[in-house]
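Q: The first sequence: position 48 = 49 (this note's numbering), numbered continuously. Cβ coordinates follow ideal geometry from the N, Cα and C atoms, glycine included. These numbers were taken from a predicted model, which means no experiment stands behind them. The structure that follows is given in the form of structure tokens.
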Amino acid sequence: MLDALASSDVVGVARRLLGAVVTSELGGDRVSVRLTEVEAYAGVGEDPASHAHRGRTPRNAVMFGPPGRAYLYFVYGMHWCLNVVTGSEGQASAVLLRAGEVVEGLDAARSRRLASRRDNDLARGPACLAGALGITSVTAAAINGSDLGDERSGLWLRPGVSVDLAAIASSPRTGVREEALGRPWRFYVNGDPTVSPYRQGVDR
DNA sequence: GATGCGATTCACT
DNA sequence: GTGAATCGCATCG
2 MLDALASSDV VGVARRLLGA VVTSELGGDR VSVRLTEVEA YAGVGEDPAS
52 HAHRGRTPRN AVMFGPPGRA YLYFVYGMHW CLNVVTGSEG QASAVLLRAG
102 EVVEGLDAAR SRRLASRRDN DLARGPACLA GALGITSVTA AAINGSDLGD
152 ERSGLWLRPG VSVDLAAIAS SPRTGVREEA LGRPWRFYVN GDPTVSPYRQ
202 GVDR
């Protein structure tokens with residue numbers, strides 16, 4: 002699994018990540034999520050929608066490191082998003098984990114999310130996924146850059162039931178504009194109830 | 001040093 | 001369908 006992350010084909014890696022399982026032991030409770038929705042982001046100069054597009058900064062430094070690491074970032078002043086670094090060191094591509102199905106630790110996931118949420122919504126959306134896994138402003142700093150192949154990190158990734166290629170659908174990525182429309186790099190399990198609703202990017 | 005905006009979500013209309 | 005909440009980063013002066 003983690004060997005596959007070293008591929009320079011970030012789009013192929015993204016597709017293969019569907020069905021993989023992310024497990025967290027942050028905060029003491031174990032929660033696992035089977036991925037149903039991801040997005041691919043390429044590296045420097047290749048992909049205007051990527052955080053790495055403008056080169057290395059302190060924030061995105063993890064993307065430039067070795068594959069298989071967790072890249073966490075904070076958006077909109079309140080949300081965390083979890084990425085898996087892919088490609089060889091220096092390539093700076095990554096896959097954003099957008100949604101999944103909670104397959105272990107339902108009670109812990111429920112307690113971290115609004116009680117009114119339905120189980121299918123517990124990890125539906127990138128910030129929800131991170132929240133269900135116990136990623137907060139407290140835990141994020143420790144997890145950012147950690148090795149997803151090592152259980153001692155408290156957050157790790159393992160192969161799950163692979164998803165049939167025929168069941169994988171694609172669309173443009175969420176929230177990004179014109180440049181990205183030619184790159185339908187959002188991949189999801191067609192018809193799965195845990196996939197987040199698609200929102201198109203808007204011009205401002 | 002100041003400013004604008006973003007790979008979002010929830011509550012409300 | 002739309003707006004509020006909220007903050008770090010990149011950009012510009």
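By how many angstroms is the C-alpha of T58 removed from the C-alpha of R35?
A: Reading the first sequence from its first residue, position 34 is the one you call residue 35. Reading the first sequence from its first residue, position 57 is the one you call residue 58. The C-alpha of T58 is placed about 31 Å away from the C-alpha of R35.
Q: If you reduce the DSSP assignment to three classes, tell me which class V63 lands in.
A: The residue labelled residue 63 in the question sits at position 62 within the first sequence. Look at V63 here: in three-state DSSP terms it is helix.
Q: Return helix, strand or coil for D204, following the three-state DSSP convention.
A: To locate residue 204, count along the first sequence from 1; it is residue 203. Interpretation of D204 is limited by its pLDDT of 48, a score under 50 that renders its predicted location unreliable; the figure taken from the coordinates is listed afterwards. If DSSP states are grouped into helix, strand and coil, D204 belongs with coil.
Q: In this structure, how does DSSP classify V196 when only helix, strand and coil are distinguished?
A: Residue mapping note: residue 196 aligns to position 195 of the first sequence, counting from 1. Looking at V196 - three-state DSSP - the assignment turns out to be coil, as it is neither helix nor strand.
Q: Taking Cβ positions, are G106 and R31 nearer each other than 8 Å?
A: The residue you call residue 106 lines up with position 105 of the first sequence. The residue you call residue 31 lines up with position 30 of the first sequence. Taking 8 Å as the Cβ cut-off, G106 and R31 qualify as a contacting pair.
Q: If I measure Cβ to Cβ from H54 and keep anything under 7 Å in the same chain, skipping five residues before and after, which residues do I get?
A: Taking the first residue of the first sequence as position 1, residue 54 is located at position 53. The answer, listed in chain order, is V45, G46 and D48.
Q: Could you check if R187 is buried or exposed, using at least 16 other CB atoms within 10 Å of its CB as the buried criterion?
A: On the first sequence, residue 187 is found 186 positions in, with the first residue counted as 1. Burial call: buried.
Q: When the distance is taken between beta carbons, is L83 closer than 8 Å to L158?
A: Translated into the one-based positions of the first sequence, residue 158 becomes position 157. Translated into the one-based positions of the first sequence, residue 83 becomes position 82. Contact flag unset, no.
Q: Starting from the Cα of M259, find the closest Cα among N191, A71, S138 and A100 and give me that residue.
A: With the chain running from 2 to 205 in the structure shown, residue 259 is simply not present.
Q: Return the CA-CA distance between R174 and V196, expressed in angstroms with no decimal places.
A: By one-based count along the first sequence, residue 174 stands at place 173. By one-based count along the first sequence, residue 196 stands at place 195. Approximately 13 Å between the Cα atoms of the pair.
Q: So L134 packs on R70, CB below 8 Å; how close in whole Å?
A: Position 133 of the first sequence holds residue 134. Position 69 of the first sequence holds residue 70. About 16 Å separates the beta carbon of L134 from that of R70, a gap too long to meet the 8 Å contact definition.
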